[in-house]
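Here the structure comes first, spelled out in structure tokens, and everything after it is commentary.
See the structure below:
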């Protein structure tokens with residue numbers, strides 16, 4: 015990381031997802047083999063650009079050495095230390111490529127171009143900031159065009175953040191209601207002063223409200 019920054023060499027950033035996880039098995043089913051996803055991204059980069067790959071914190075120590083060896087054999091791939099600040103890596107990247115997950119949103123907030131291969135709410139932002147790539151043969155052109163023509167749309171970004179806040183529910187879904195270990199951060203504080211029953215009630219009311227929202231018919235569920 016330090017060497018790339020010192021040399022001023024541009025790089026793309028791809029954060030690995032924990033597995034099994036909704037981010038891959040539901041939102042990016044075509045990319046559940048993340049080694050091949052990395053290979054395709056690395057092969058799609060413009061000349062002179064490296065691909066920085068960082069392990070997911072919850073996956074550290076869980077994958078086999080062979081997994082990392084196969085990744086290291088892909089030309090143009092450089093590993094980021096798991097203890098390195100993801101925010102620092104994102105802010106210094108020329109482009110961030112994600113399957114889904116939250117880092118794409120962090121990159122958009124930081125003013126960094128984002129390419130999405132799976133499904134993510136960040137694709138509600140305009141194509142001057144975020145590109146959704148449905149076929150890998152379009153990935154090289156999408157990255158090149160986005161980096162060359164990138165432009166932040168502050169109004170769109172503000173509208174997206176406002177919509178997220180307006181639709182938020184003060185419940186700790188992951189670590190308390192779903193009982194997932196290691197998720198005691200982020201929204202955890204929002205539900206800390208509410209009983210589990212109260213959080214369940216809030217979630218139920220939210221779901222009922224959304225199901226009866228007349229705007230629901232305007233959207234189609236992606237396959």
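Residue numbers (our numbering): 15 to 237. We put the CB at the ideal spot given by N, CA and C, even for glycine.
What does DSSP give as the partner residues of residue i in its beta bridges?
i, result
"residue 29", "68"
"residue 119", "For residue 119, which the question treats as bridged, DSSP gives no partner whatsoever."
With H, G and I counted as helix, E and B as strand and the rest as coil, what does DSSP make of residue i?
i, result
"residue 111", "strand"
"residue 201", "Note that residue 201 scores 48 on pLDDT, short of 50, meaning its location in the model is unreliable; the coordinates nonetheless yield the value given after this. Note: residue 201 maps to helix in three-state DSSP."
"residue 183", "coil"
"residue 130", "strand"
"residue 11", "The requested residue 11 is not part of the displayed model; the chain covers only 15 to 237."
"residue 85", "helix"
"residue 166", "coil"
"residue 92", "strand"
"residue 211", "helix"
"residue 188", "helix"
"residue 76", "coil"
"residue 152", "helix"
"residue 57", "helix"
"residue 173", "helix"
Just the C-alpha distance for residue i and residue j, rounded to the nearest angstrom, thanks.
i, j, result
"residue 181", "residue 215", "15 Å"
"residue 229", "residue 169", "22 Å"
"residue 152", "residue 167", "24 Å"
"residue 69", "residue 47", "14 Å"
"residue 67", "residue 171", "26 Å"
"residue 120", "residue 209", "30 Å"
"residue 140", "residue 92", "30 Å"
"residue 161", "residue 23", "15 Å"
"residue 202", "residue 189", "Bear in mind that the predicted position of residue 202 carries a pLDDT of just 49, short of 50, making it too unreliable to give a figure here."
"residue 95", "residue 226", "46 Å"
"residue 213", "residue 173", "26 Å"
"residue 126", "residue 101", "11 Å"
"residue 32", "residue 77", "10 Å"
"residue 150", "residue 178", "30 Å"
"residue 183", "residue 220", "7 Å"
"residue 122", "residue 132", "16 Å"
"residue 97", "residue 59", "25 Å"
"residue 187", "residue 194", "9 Å"
"residue 34", "residue 82", "17 Å"
Taking all protein chains shown into account, decide if residue i is buried (16 or more other Cβ within 10 angstroms of its Cβ) or exposed.
i, result
"residue 61", "exposed"
"residue 185", "buried"
"residue 145", "buried"
"residue 37", "buried"
* **Three or more C-beta pairs below 8 Å linking the stretch 103-118 and the stretch 153-164** => Yes, the stretch 103-118 touches the stretch 153-164.
* Asked: How do the stretch 46-57 and the stretch 75-89 stand: do at least 3 beta-carbon pairs fall below 8 Å, yes or no?
  -> yes
* Are the stretch 29-43 and the stretch 112-130 in contact at 8 Å, needing three or more beta carbon pairs? -> yes
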